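Going down the list, the protein sequences come from chains F and L. Going by our numbering, the first sequence opens with residue -9, and the numbers climb by one from there. Going by our numbering, the second sequence opens with residue 320, and the numbers climb by one from there. Reading through the structure tokens given below for one structure.
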Amino acid sequence: MNTSIRLKAALLSCVMLLVLLMVWQAATRPGQQAAGAVDDEYALLMGQAAGGASETVNGMPTPTQFATLAWRQISDPFYDNGPNDKGIGIQLAHSLARVGLGYLIAALVAIPLGFVIGMSPLLYKAFDPFIQLLKPISPLAWMPIALYTIKDSTTSAIFVIFICSVWPMLINTAFGVAGVRRDWLNVARTLEVGPLRKAFRVILPAAAPTIITGMRISMGIAWLVIVAAEMLIGGTGIGYFVWNEWNNLSLGNVIFAVLMIGVIGMLLDLLFAALQRKVTYVE
Amino acid sequence: MSNETHPQAVPFIKVEGLGKRYRDDQPPVFENINFSIQQGEFICVIGHSGCGKSTILNVLAGLEEATSGGVVMAGKEIAGPSLDRGVVFQSHALLPWLTVEQNIAFAVRSRHPRWSRRQIAEHGARFLEMVGLAAAARKKPSELSGGMKQRVGIARAFAVEPKMLLMDEPFGALDALTRGVIQSELLKICEATRQTVFMITHDVDEAILLADKIMLMSNGPQARVAEIVINTLPRTRTRETMHHDPQFYRIRNHLVDFLVHRSKVIQQSGPAASGGEPLVVRPGLEDDGPPPGPDQPQSSRMRVVA
């Protein structure tokens, strides 16, 4: 029963992919792109001769063109031909390093702070207005302030990652710690468990599923934000790569990069899902 | 076992003028609670919901603070929880991310921080064996039935070897059959260890089976310990045979009678006079008083329950 559903779902997914590829193929058939009055008019406006040599390699690629391009990128991901021509692997590594660093600092701040806030109803209430106010701010809105104060653009990007991933972790940690069942705390109290042992052996495992959920949300947001942040700061990274290839009108590379962003995002999420399974307990 | 009248030794636990008020504009839940517990005694508390039984237990455990009065244990005033007062929680309160043996080891390590891993495991295993759960050592609490979880809770409390064990309706959530089995086990363990126990229950038969003294509390608010019933049944009593003893029904009728009528009448008669220990009675020995024989429906229900 279960396996047959899974099999059917996989089959259906394949059919969907096939349909998608067919639509793509049909939409990008050579010759179709150049035709049409609108295109002519547009070309005229752009100061070009209508109907003249508009068949460019840089237009929307067909699935086969895309496959060759993707293969070329994947087979040599770490080439470096100067500032504007680096392999996809190098770009992704830059983005991942920024996300990793910003995220790590956020975790180092948010989890201990969330712990303290969660333990103290007073601090919980005192911090609440700040969290509520700062949380909904788009992380990119911080960019000018960050650039002005920090000056360095890469550090600013890391700061933006930090500021966007800190809130879900902070809120979830505080929420998880505050919600630890009284009974478990009472067990610790009647056993005269010391504060550190209580924090690490009772509260942390009790709140771990909630904390990991916060970390998972934060990672998702951080990965969304890095693309936009790198479009702004330029230089390196997958976000910059997308923007650069758009300026080159190399849509194939843009699509490939978009696909890679999705794949990496999915892998990161799977990582946290596995972590979540590890710490989840059944009451 | 019944030394409440002899002024001999200083009692192990002395509760004096205990009162609890949750809100200033409301009457106290209970007030002027006075009683004492001797070492090795098994005390059961019976009373309707809202009379503050659990609060008294939490005060004894050090988990809650009384508004007035205090508790002295072995010459020292109770302030905060202690390893000397073990608690079996109604909801078993096992840590769900730990296995059964890890749960017990967690408690043992609290008692003996310097012990080696092996010592702790061996000590814990002994108590797990005592409640008949050696086979479930590696399981998580979620894989156990309600009765098994409660047994682990009991083993955990005993493994710390507290001077006093506090149990808040430990079998309240269990079915009658399981409850009977664990009651017998508990009786056996307490007999062997001479553990001092303070237990809250709603089950009259359970109280008669386990307790040396049964404290009856009047209804709240302004509840108080109305009476202390001395269980005069021999300590060799068992679940299977105790209802053949004519004393059993006299005690049982006394308790049921209290819960049905007198707990309310006493509440309406106004607040207790301060000071003074509650009345001590031995309904099992009295030939007069409440009718000795059981009425039929009650006795048939009894057999099902016990």
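The beta-carbon is built from N, C-alpha and C at its ideal position, and this holds for glycine as well. All values derive from a computational prediction rather than experimental measurement.
In this chain, L/CYS370 is not harboured by any alpha helix (DSSP H), its DSSP state being neither H nor E. Bridge partners of L/PHE517 according to DSSP: L/ILE362, L/LEU485.
Among the residues of chain F, those whose CB is under 7 Å from the CB of L/TRP416 are PRO195, TYR271, following chain order. Rounded to the nearest angstrom, the Cβ distance from L/VAL544 to L/LEU574 is 14 Å, too far for a contact under 8 Å. With a threshold of 7 Å between beta carbons, L/VAL471 makes no contact with chain F.
Here F/TRP61 is exposed: its Cβ has fewer than 16 other Cβ atoms, across all protein chains shown, within 10 Å. Taking the CA atoms as reference points, L/ARG445 sits about 51 Å from F/PHE152. Excluding residues up to 5 positions away in sequence, GLY77, ILE78, ASN243, PHE246 lie with their Cβ nearer than 8 Å to the Cβ of F/GLN63 in the same chain. Excluding sequence positions up to five before and after F/VAL192, its CB lies within less than 8 Å of the CB of VAL170, TRP174, LEU175, VAL177, ALA178, VAL183, all in the same chain and listed in chain order.
Around L/ARG558, the same chain offers GLY499, GLN502, SER503, LEU528, ALA625 as residues with beta carbons nearer than 7 Å, after the five sequence neighbours per side are excluded.
Close CB contacts of F/VAL89 within its chain, under the 7 Å cut and outside five residues either way in sequence, are with ILE151, ALA212, TRP213, ILE216 (chain order). L/GLY366 sits away from L/VAL348, with the two beta carbons spaced by 7 Å or more. Of L/GLY336, L/GLY603, L/ASN422, L/LEU535, the smallest CA-CA separation from L/ILE585 is found for L/LEU535.
In summary, no residue of the region 340 to 374 of chain L has a CB separated from any CB of chain F by less than 8 Å.
Relative to the Cα of L/LEU376, the nearest Cα in the group L/LEU463, L/LEU485, L/PHE567 belongs to L/LEU485.
Taking a beta-carbon distance threshold of 7 Å, F/LEU175 does not count as an interface residue toward chain L. The residue from L/PHE577, L/LYS395, L/GLU360, L/GLU350 with its alpha-carbon nearest to that of L/THR374 is L/GLU350.
In its chain, beyond the 5 residues on either side, GLY242 have a beta carbon closer than 6 Å to the beta carbon of F/PHE56. Between L/THR515 and L/GLN358, the CB-CB gap stays under 7 Å. Each of F/THR54, F/ARG(-4), F/SER3, F/LEU260 was checked against the Cα of F/GLN15, and the nearest Cα belongs to F/THR54.
What L/PRO400 touches in chain F, judged by beta-carbon distance under 7 Å, is ARG179, THR180, GLU182, going in chain order.
In chain order, ALA530, ASP531 place their CB closer than 6 Å to the CB of L/ASN550, counting only its own chain and leaving out the 5 sequence neighbours on each side.
Nearest to L/THR512 by alpha-carbon distance, out of L/MET483, L/PRO489, L/VAL579, is L/MET483. By the 16-neighbour rule on beta-carbons within 10 angstroms, L/PHE477 is buried.
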